[in-house]
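Numbering (the working numbering), first residue to last: 20 to 253. Built from N, CA and C at the ideal position, the CB exists for glycine as well. This structure is a prediction, so every number in the text was calculated from the model and none was measured.
Here's what the structure looks like:
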């Protein structure tokens with residue numbers, strides 16, 4: 020014959036269960052607290068602010084950051100550190116996205132402010148910018164280097180205390196045709212075919228960033244530097 024547990028026994032069982040649950044919860048909180056916090060990556064696109072410069076060759080860094088933000092669901096609606104700014108994740112990696120609003124030649128002031136505030140190591144600062152010396156829509160990922168005559172990069176290096184030891188993703192915009200000046204060329208816009216090639220390059224750039232943050236620089240560089248442009252695929 021089975022006996023129902025007394026009220027005092029039931030109370031003891033409830034107490035033990037509650038204590039076990041609270042102990043388990045406390046342990047989970049303790050384990051979570053001991054996990055090292057992932058340092059965010061800073062991904063900076065260089066360009067010039069304002070409607071006058073939208074869609075120009077000099078602003079492809081801005082455009083790729085916008086493409087990353089859209090693909091990863093990161094809002095870029097706030098303005099902080101002299102930048103259009105967003106926080107979010109690419110995969111499991113925390114990221115800060117920035118488009119300095121200082122004009123190209125003073126981009127470093129914004130980058131310096133973000134790096135200083137969040138204490139970001141230089142190896143986790145990725146700068147994306149246009150490059151005259153690369154064929155159009157060609158991407159190149161490098162672990163470090165100089166400014167190559169690019170005034171935005173010149174400013175970034177200056178404001179990072181002269182350090183060149185940060186990765187950069189260069190987007191080829193080609194050379195000016197004929198006697199066209201460099202200034203007029205970088206501030207010119209793309210034609211329809213160029214925009215299609217650039218969209219393809221941006222998809223590769225997005226994938227490169229995802230690989231960089233999840234699998235490391237070497238695998239991302241291998242992907243980027245072996246990827247063909249849309250024109251070459253055609």
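Apart from the five residues on each side of it in sequence, which residues of its chain come closer than 8 Å, Cβ to Cβ, to residue 136? Within the chain shown, the letter at position 117 stands for residue 136. Answer for residue 136: 100, listed in chain order.
Which class does residue 135 belong to by DSSP, given the choice of helix, strand or coil? Taking the chain shown and counting its residues from 1, one reaches residue 135 at position 116. Note: residue 135 maps to helix in three-state DSSP.
If you draw a straight line from the alpha carbon of residue 154 to that of residue 197, how long is it in whole angstroms? By 1-based counting over the chain shown, the position of residue 154 is 135. By 1-based counting over the chain shown, the position of residue 197 is 178. Whole-angstrom Cα-Cα distance: 16 Å.
Under DSSP, the beta strand (DSSP E) around residue 108 begins and ends at which residues? Here residue 108 corresponds to residue number 89 of the chain shown, with the count starting at 1. Start and end: 102-109.
Whole runs of the alpha helix (DSSP H) within the region 178-244, excluding any shorter than 4 residues: 201-205, 211-234
Near residue 220, which residues of its chain fall below 7 Å by C-beta distance, leaving aside the five closest residues on each side in sequence? Stepping through the chain shown from its first residue, residue 220 is reached at position 201. Around residue 220: 156, 158, 190, 248.
Answer yes or no: do residue 79 and residue 116 have a C-beta to C-beta separation smaller than 8 Å? Counted from its first residue, the chain shown places residue 79 at position 60. Counted from its first residue, the chain shown places residue 116 at position 97. Against a cut-off of 8 Å, the Cβ pair of residue 116 and residue 79 comes out as no contact.
For residue 233 and residue 243, what's the separation of their Cα atoms in angstroms? Here residue 233 is taken as the residue at index 214 of the chain shown, counted from 1. Here residue 243 is taken as the residue at index 224 of the chain shown, counted from 1. When the Cα atoms are used, residue 233 and residue 243 turn out to be separated by approximately 15 Å.
Endpoints, the beta strand (DSSP E) within which residue 88 is located: What you label residue 88 is simply residue 69 of the chain shown in a count that begins at 1. DSSP places residue 88 outside any beta strand (DSSP E); the residue lies instead in the alpha helix (DSSP H), whose first and last residues are 79-91.
Mapping the DSSP letters down to three states, classify residue 247 as helix, strand or coil. Along the chain shown, one-based indexing puts residue 247 at 228. Three-state result, residue 247: coil.
What's the call for residue 277, buried or exposed, on a 16-neighbour Cβ count within 10 Å? The first residue shown for the chain is 20 and the last is 253, placing residue 277 beyond what the model contains.
Would you check if the distance between the CB atom of residue 65 and the CB atom of residue 102 is smaller than 8 Å? Within the chain shown, the letter at position 46 stands for residue 65. Within the chain shown, the letter at position 83 stands for residue 102. No, these two residues do not count as a Cβ contact at 8 Å.
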